[in-house]
Each structure stands twice: as structure tokens, then as C-alpha cells.
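Written out below as C-alpha cells is the structure these notes cover.
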Amino acid sequence: MPRINTWSVLSTALVGLVVGCSSDAAAPEDAQDRVLRMNEIQVLGTHNSYHIQPQASILENIARFDSQETADSLEYTALPLLEQFDAGVRQLEIDIFADPEGGLYYPRRGLRVVGPPPYVGPESLEEPGLKVLHIQDIDFETHCLTFIDCLSTVKEWSDANRGHLPITIMIEAKEETIPDPLDLGFTVPLLFGPEEVDGIDAEILQVFPKEQLIVPDDVRGDAATLEEAVLDSGWLTLSEARGRVMFVFLNRSEARDHYIDGHPSLEGRVMFTNSDEGDPEAAWFNVNNSLTDGERIETLVDAGYLVRTRADADTQQSRDDDYTLQEAAWASGGQFVSTDYVVPDLDFSTYFAEVPGGYVGRCNPISAPPECDSQLIRP
């Protein structure tokens, strides 16, 4: 089916305003919202949006027993989530660990090599449910200890700012063991099997009512597959998407397979998935490096997919005050450009990331129609 050109609706509304021929003509912002789709804009996101850098003594021991490069890569702290949203961020990334019985991540064994007890975290870690941290026992400081806490903060801001641009939240299910050179007995994460991936959806729905979410069923509509829908302009318009939250499962592992199993084209699921072209559920892609993969990002965006890419990684761009990757990311058309530096870390440089032009959302240079006006995109 050919894509329908609905931009004449916007043009008519604008003409009506200019000549005064219609007293009830839509405001230009609203008229554009009714035709501009989610995949036709770009927004700023954050990487490991919950993260607080480890204390200095832990970083020193990571450098000693692993590498200085690894320690350097963890030396960043995200703004609290509410401050991120107020600063214009509309995409988050949250890492989760399965903990159905509670208490698995209450011990913090890495603390044993850096100082006196206690070697445990807050008591909320003893409660059952998904936990939020970066690396068990080592890199565990976070703005929200549990997934429910993180989601509740997002909902608090969303409810207080109804009509915001849609928020996208990438979820990474963490399962990796880590080296234990001092034989401290580091925690072995639980794998995300069928029950655990179902639990992700359950916790999301515990916080958000279905109508506040953008789920695959909303996008697929009557199409045979989710991919067919997104390649035929199936993404919601901004008018339809405002005030809502979309979740994406970042994993490319058995956990993802469990999530898809029994749910063709993600029917009945809450999250979209990181997939490949040709997969029935393909709608969203993670392509980190626009310097090496810029053409691939452009091709995906032009086809109709959503793509997340990065402005910076492992603190290097901030340390070097280097905007090369960020500039390539925005030019690639990736709809979500994520950063660790919504504000500069002045210990390194004045480097930070923002949407070009200072917008919260701007017209996508690859997928937006030429009539699109970034000044009409409300935050």
C-alpha cells in the first residue's frame, strides 16, 4: 500500500490561519501533530539513565584488577530522572536484574576490598522484584534501586506533563557473570527465562495503565506483521503518541527469544524488540556507531524503522571534547541519540549533547517531509 500524503491537512490549516478564513482552524502545532509521525522526529536520550559512578576506591580497584580503560568508562553520573525529563530527554535506558525472591543483590561484595562494613545495600533490595544496577557487586549506585521505583518516577513526570512527546525506554536484561580475581563470591545473576520476561511486562503494567503505553498492537493495527505496518507508515502520529510511553527490549539473546515465543509480531506484548530486517516483529534497531554505520542507520530510518544511536561512549568524547560522533549521529537520522552528558562534566571538558537547534524534538533530516517545521514540535 502506498504511503498517504496527509500534509495537505497541515497546509490547509496554516493557510486558514494566515488568511483568517476559518475561526476554528487548528493551531499550526496541533495541525502538524496530526500528520507528523513518531519516526519523523529526533530526540535526545540517555545511556544507563539511572547510573551513579562508583566511589573512587572501587574505581581504583577496577583499574588495578581489570584495566584503567574499564574504570574510566564507569566514571559518569546521570542526572536524576525528573531532571533529565525537564532538560528535554525523551529516551531512557534501564538495566534490570531478575530477583523474584528478593535479596539477591542486597550483598555488595565488592565493598569488602575498599573499606569497613556494612557490605550491603538498602533494605529495599531485599524485596522481590526486578533490580536496577549496572554491574552486580561493583557498579551498583543508582538513582532508583528497583524497576518499580524507576517506572514510578517516569509516571510521576508524565502525569504532571500531559501532552509531552512520547518517552521511549530501552530495557536491558542483565545476565552476565563478572570476573572474580579475589574470590569474593560475586553474585551470579539469574537468567531471564519465560517467567522472568513475563515479569518485565507485569511490572510495567503494575505502574502504567495500558492506555498510557504505546505497544506493538497499537502500531501493527490490521497489518499482517509488525514490520509490514512500520514500513507502511504505521507509527502513531505525534497527536496519538503524546503523553504515552514506549518500551523496547534491547537484548539479542535467548531472553529475547523467550519474549517473542508465542507472541507473533509481539501480539499481546508490552515491549518492542531489537530485531533484524525481515523478522515479523522488526520495528526498532540499536546501531551504536554512526561513524562506522551511518549509511545503515540512514537506510533503516528511510525505510520506516526506529533507530537508537549514540552521541558518546565510555566517557571518551567528554574527555576529548569531541563532537564528531554526536554530529554524525544527528545527521544519520537516528530517532534517538543517547548521551551520558545532558550537562557537561567540567572535570573533563565542556562537552555535552543536545538536539541541534536547541529543540526537545526536531524534524528528522532523513524521514521527515520537507514541510515539517521543528519550531512547531512542542516538547
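Just add 295 to wherever you are in the sequence shown, counting from 1, and you've got our numbering.
The beta-carbon is built from N, C-alpha and C at its ideal position, and this holds for glycine as well.
Would DSSP call Q670 helix, strand or coil?
helix
Do the stretch 413-428 and the stretch 386-397 meet, that is, are 3 or more Cβ pairs less than 8 Å apart?
yes
State the CB to CB distance for the pair A577 and E522, rounded to an integer number of angstroms; the pair is presumed to be in contact (CB under 8 Å).
4 Å
Between the Cα of H399 and those of R407, Q431, G383, spot the shortest distance and give me the residue it belongs to.
Note that residue 399 is Leu in the sequence shown, not His. Here the closest residue by C-alpha is Q431.
T463: first and last residue of the uninterrupted beta strand (DSSP E) it sits in
462-468
Please classify C445: does DSSP put it in a helix, a strand, or coil?
helix
Spell out a yes or no on whether the stretch 540-549 and the stretch 457-464 are touching, meaning 3 or more CB-CB pairs, one atom from each, closer than 8 Å.
yes
Excluding the 5 residues preceding and the 5 following N659 in the sequence, name in chain order all residues of the same chain whose CB lies nearer than 6 Å to its CB.
E335, I336, Q337, G628
Below 7 Å CB to CB, which residues in the same chain sit around T437 once its five sequence neighbours on both sides are set aside?
Y345, H346, I347, V427, L428
Just the C-alpha distance for I443 and W452, rounded to the nearest angstrom, thanks.
14 Å
Between which two residues does the beta strand (DSSP E) harbouring G271 extend?
Past the edges of the chain, shown from 296 to 674, lies residue 271, and the structure says nothing about it.
In its own chain, which residues sit with a C-beta less than 7 Å from the C-beta of T307, not counting the 5 before and 5 after it?
With a pLDDT of only 42 at T307, under the threshold of 50, the placement of this residue in the model should not be trusted; the figure read from the coordinates follows. No residues qualify anywhere along the chain.
Would R359 and L479 be called neighbours here (beta carbons separated by less than 8 Å)?
no
Should the stretch 412-419 be regarded as contacting the stretch 367-384, the criterion being three or more beta carbon pairs within less than 8 Å?
no
To the nearest angstrom, how far is it from the Cα of E421 to the Cα of F435?
15 Å
Taking the C-alpha atoms as reference points, what is the distance between C667 and P323?
11 Å
Per the DSSP calculation, Q386 is bridged to which residue(s)?
G340, T463
Please tell me whether G383 and S633 are closer than 8 Å, where the distance is taken between their beta carbons.
no
Using C-beta distances below 8 Å, list every residue in its chain close to S644, excluding the 5 sequence neighbours before and after it, in chain order.
S613, R614, D615, D616
What is the DSSP secondary structure of I656, counted as helix, strand or coil?
Position check: residue 656 holds Gly in this sequence, whereas Ile was assumed. Three-state result, G656: strand.
Does DSSP put K426 in a helix, in a strand, or in coil?
strand
Pick from Q611, N584, D597, T610: whose alpha carbon is nearest that of R603?
N584
Under 8 Å between C-beta atoms, does P413 make it to chain D?
No chain D is part of this structure, which consists of one protein chain only.
In three-state DSSP terms, what is P559?
helix
Residues bridged to N456 (per DSSP)
Its beta-bridge partners do not exist; DSSP assigns none.
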